[in-house]
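Those protein sequence lines, which keep their order, are chains A and B.
Position one of the first sequence corresponds to residue 0 (numbering that gives the first Met the number 0), numbered consecutively onward.
Position one of the second sequence corresponds to residue 0 (numbering that gives the first Met the number 0), numbered consecutively onward.
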Amino acid sequence: MKWARATAIGFLVVVSAACLLANFIAPASYAHQFRELPNAAPSRQHLLGTDDLGRDRFSRVLYGTRVSLLLAPAAALLTTLLAAFIGGVAGFAGGWLQRCVMAGTDLFLSLPWLFLLITVRALLPLNVAPIVSVVITFTLLGCLGWAGAARVICADARALSQSDFILLARASGSSGFRLLWRHLVPNLKPILYAQFWISVPVFIVTEANLGILGLGVAEPLPSWGSLLRELESFSTISGQPWQFVPLILFIVVVSSFHLVLTKKELPV
Amino acid sequence: MKRRLAFFVLVILAVLNTTMVLAQSGGELRFCLHTEPKTLNPLQAADDASETIRYLTGGVLLRENRLTQNLEPELATSWKVTNGGKTITFELRDGLRFSDGTAFSADDVAYTMQQLMDPALHSPTGDAFRSGEGKVETKVLAKNRIAITFPASIAGLDRLFDQVAIMSATSPQKEMAVLGPYYVSENKAGAYLILKRNSNYWKKDADGRPLPHIESVRLEIQQNRDIEVLHLVRGDIDFINSIDAEYFDKIVSQDPAMAHDAGASLDSEEIWFNQVASSPLPAYKKAWFTSTNFRRAISEAINREDMVRIAFRGHAVSAVGPVSPANKFWFNSKLQPHPFDQKSALQRLAQDGFRLQDSALRDRDGHAVEFSIITNAGNKYRERMATMVQQDLSGIGIKLNVVTLDFPSLIERITRTFDYEACLLGLVNDELDPNAQMTVWLSSAENHQWNPSQKTPATAWEAEIDKLMRAQASTSDAKKRKEDFDKVQEIAWQQEPFIYLVNKNALSAVSATVHNAHPVVLRPQVYWNIDQLWLGSEVARNR
C-alpha cells in the first residue's frame, strides 16, 4: 500500500499547491457575478462553467478548497492539542482526576454536535467579514471536537504511565513535568498524529454539512460546503455533470487523508 | 334503407355521447401535500395541508372566484352588509344536505359562527372576525335566512367568509360532515388521505350533471420536492400546485405543456432595516437606517431586474410595494418599481453627508458604511438575492455581510432582542383585502417589522399610514377604501420602510390527464375549480 500512500500524499500536495496559488491560477474572482452568464456550461473562459449567480465555478472550487484545506487541518491541530492536554494529563494523573475528566468527556460526547454548533453560531456577532466567519466556524469545530480523541489519548497515556520504562524513569528520580514531557509525550506521538489525520476529514465533512444547511461559511466566500449545496436537488443538475467536480474532489481529498495514515497509525 | 341508416347514425351518436360523459366523470385525482394536515377541523386550519383539506371538503357561504377575484354566492344565494359594516345578512340555498345526509339550515351557520368565535377554540380563521370587544350575535331570521352582527365594523367582511367552512349543528359526524365537493374517507397518518366524492354536493354543471366529476382525490404526503417532481413526470400524480423556478424550468425542458406560469403572485420578498429605538445598535447606524434618503438610496442601488432574471430565472416581477400587481383591485397602478440607478443613489446619500472615499462609502462622521443582512438558512432564493444585493451595494461602496440563521434564531432577533441591522424575508399573502395587512402597517402592531409595537407613531408618515389604514377599515365604501389604501401604498413607496424586491410568479405543473385546469395566481392555484376538473378517459378508467 506504499504506492497508494505516496499517490495520496502527491495528490494532496498538488491540490494544496493549486489552492495556495489560486490568486494566480483562478481566471476570475470567486465573488464576481458574471450576470450575463448564469448557469453557463464549461467554456474556455469558465473551465467548469458558472454557478447560478454567474460566478466562475473553477475559481470557486480553487478558493473553496483552499478554505477547507487550510482551515480543517488548523481546526484538527487545535482539537488534537486540546485532546492531548486533557487526555494526556488525565491519563498520566489517573485516580479521581482521570475519572472526573473522563466523566466530563462523556458528557461532552453526548451533546448533539450539530445543534450545538447551530446554537453557538447563532449567538455570534452578525457583522463579521466572511473570512472571519469561516475562521470562527472552524475554531468552533476545533473547540468542540476534542472529546473523542481525548478518550483515546487518555487510555493510551494511562497504559504508558504504568509501563516498565516509565517505572524505571520514576525509579531514576524523574517526576512531574519532566516525566510527562520527556518520556510520555514522545511515546504518544503516533496516536496524536493518527488523531490529527482522522480529524481533518471529519471537520471537512462537518463544515460541508453546515454548508448544506446554509449555516457554513458566509457568502460570497466559497467552501466545499457551499459548493456542495449546488447538488442538493438532484433533478435540477442531472443535465450538468460538471457540477459534480467539487463532490469528486471532496471525495478524493478526504480519501487521500485516510490513505496518508500508515497501518500502524490507523485506529484499531 | 334510409331508416336503417338513420338508426345506425343515432346509435353511433349515442355511443359517442356516452363516451364523452364517461370521460368527464370518475377516476382518482392524485397530488402531494408537503406535510401532514395538523387538523381536519376546518375552523382550526392554519397550515397549508389543513387549508387544502378545508378547501376540498368545506362548503362556504361565499367563495372568492380565484380567476376573476370576484366574490360569488355558494351556500348563500345573496348577502347584504349593513349597519356600517357590522351586520351581514345571508339568504341560504334551500334543500341542501351535508355529506352524511343531515339537512343544512341557518342553524348550522349560527352554530359555525358560535364555534368560530369561541375563544377557547383559538381559531385562526376566527381571528380575522375579531373586530372589537363584545360578542358576535347571530339571529336566525328563517330556516334559510340569518343575520350576523359583530361588535365593531369589519371592512371587507363578506370576503372573510371565503375561509369559513360551514359545520353541521346536528350531525353525529361533527366536522367530518361537510358541504363541499369531497369528504375525508381515509386518513393514513403520515402516508396519504383519500377524499371521496360527496354525493350530496349541491352544484351541477351546465348540462345538469352533478359535480364534482372526479370520483376521489388521493393526497400523498411527500416532503421531498425532487420526488414529487419525479412522481409527476412518471404520471404517478396529476399536478403540483406550487413549484419553484428551478423545478419549473426542469419541467419546461421535459414537457412544456405541463408547465404553467400564471404571472406575478401576491407573495413578495423584501428587505427592511432595524429602526427600533431601543435596539442595541450604535447611534450612527440607527441614524442611517431611519433616514429616508439612505433607504431610498439602497433601494435604487439594487438591480431588481437582474434578481428576477438570475435568482428567479425570469419567473418573478420587480416589486413595487405592499400590493402585488396580481391584486387587480387594490394595486395602485400609478406606482412603478424603483429603477436601478446607482448614480441617483449616491446623490441621495450625498444629501445626508455620505461620501465615497477610496471606493468605500463613509458617513459625515467618517464611519465606513458596513452592515449585515440576516435571512433564513436553507432558502436558496433568499440567499441568492442577498448575495446579489451584496454585489450591487459594493457598487456604491457599501460593505454588506450576509448572515444566514436558522429560523428560530432569526425570529428571536427580529421580534424580541432586535439585535440585527437588516433582514431579508418574504411575505406570504393569501388575502386580497388590505385589512389582512393591518397587523403590518399599524405602528402599534407586532408585525410592523421595522419598528414594532410603537406606543405612538415614531414618524409623521407612520402616523399618516395609521390614520389611512384605520379610515379604510372603518368604511364599507369600496371607492373610499381604495383611495385611502392607494395613499398608503404611495407613502410606503416614498418612505420604503420595506424595500420591496420581487413578486414571485405563481408556477405550477399540471399533467395533460387533467382537463379544465386553469392555474391562477391565487391559492390554490390549480385546484381552485376542483369540482369542474375531470380526468382523461384512460386515466379515469385505470384508477
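The beta carbon of each residue, even a glycine, is placed where N, CA and C say it ideally should be.
The DSSP-derived three-state label of residue 197 (chain B) is coil.
In chain order, 400, 401 and 402 make up the part of chain B whose C-beta sits under 7 angstroms from the C-beta of residue 217 (chain A). Non-local beta-carbon contacts of residue 57 (chain A) in its own chain, meaning distances under 8 angstroms to residues more than five positions away in sequence, involve 25, 26, 45, 46 and 47 in chain order. The beta-carbon of residue 39 (chain A) is placed no less than 7 angstroms from the nearest beta-carbon of chain B. Interface flag for residue 255 (chain A) against chain B is unset, since no Cβ pair is found closer than 7 angstroms. DSSP lists B:146 as the bridge partner or partners of residue 138 (chain B).
For residue 29 (chain A), the secondary structure class from DSSP, reduced to helix, strand or coil, is coil. Excluding sequence positions up to five before and after residue 158 (chain B), its CB lies within less than 8 angstroms of the CB of 61, 63, 70, 430, 431 and 432, all in the same chain and listed in chain order. In the pairwise beta carbon analysis, the segment 156-171 of chain B is classified as not touching the segment 135-146 of chain B: fewer than three pairs are separated by under 8 angstroms. Uninterrupted beta strand (DSSP E) stretches at least 3 residues long and entirely within the segment 350-423 of chain B occur at 354-356, 359-361, 369-375 and 398-404, given in chain order. Between residue 255 (chain A) and residue 7 (chain A), the gap from beta carbon to beta carbon is short of 7 angstroms.
Judged by DSSP secondary structure, residue 466 (chain B) falls within the alpha helix (DSSP H) whose first and last residues are 459-472. Contact check for residue 318 (chain B) against residue 505 (chain B) fails: the beta carbons are separated by 7 angstroms or more. Rounded to whole angstroms, the gap between the alpha carbons of residue 86 (chain A) and residue 72 (chain A) is 20 angstroms. Annotated three-state conformation of residue 271 (chain B) is strand, per DSSP.
Distances from the CA of residue 466 (chain B) to each of B:452, B:419, B:325 and B:487 were compared; the closest alpha carbon is that of B:487. With respect to chain B, the C-beta atom of residue 208 (chain A) has no partner C-beta closer than 7 angstroms. Here the alpha carbon of residue 250 (chain A) sits roughly 59 angstroms from the alpha carbon of residue 459 (chain B).
The bridge partners DSSP lists for residue 153 (chain B) come to none. Contacts with chain B at 7 angstroms (Cβ-Cβ) include residue 117 (chain A).
For residue 24 (chain A), the uninterrupted alpha helix (DSSP H) run begins and ends at 21-24, by DSSP. Closest in alpha carbon position to residue 404 (chain B), among A:88, A:123 and A:98, is A:123. Flagged as an interface residue toward chain B: residue 232 (chain A), by a C-beta distance shorter than 7 angstroms. At a cut-off of 7 angstroms between beta-carbon atoms, residue 214 (chain A) makes contact with chain B. Taking a beta-carbon distance threshold of 7 angstroms, residue 27 (chain A) does not count as an interface residue toward chain B.
The three-state secondary structure of residue 504 (chain B), taken from DSSP, is strand. Straight-line spacing of the CA atoms in residue 123 (chain B) and residue 507 (chain B) works out to 27 angstroms. DSSP places residue 70 (chain A) within a helical segment (H, G or I) once states are collapsed to three.
Collapsing the DSSP output to three states places residue 137 (chain A) in a helix.
Contact between the segment 265-280 of chain B and the segment 465-479 of chain B is not established, with fewer than three Cβ pairs separated by less than 8 angstroms.
When B:412, B:377, B:360 and B:407 are compared, the shortest CA-CA separation from residue 397 (chain B) is found for B:360. Within the same chain, and ignoring the five residues on either side of residue 133 (chain B) in sequence, the residues whose Cβ sits closer than 7 angstroms to its Cβ are 150. The beta carbon of residue 395 (chain B) lies closer than 8 angstroms to those of 296, 300, 341, 344, 345, 348, 355 and 360 in the same chain, with the five residues before and after it left out. Per the DSSP secondary-structure output, residue 55 (chain A) pairs in a beta bridge with A:49. Residue 141 (chain A) counts as buried, since no fewer than 16 other beta carbons sit within 10 angstroms of its beta carbon.
In this structure, the straight-line span from the alpha carbon of residue 186 (chain B) to that of residue 311 (chain B) is close to 36 angstroms.
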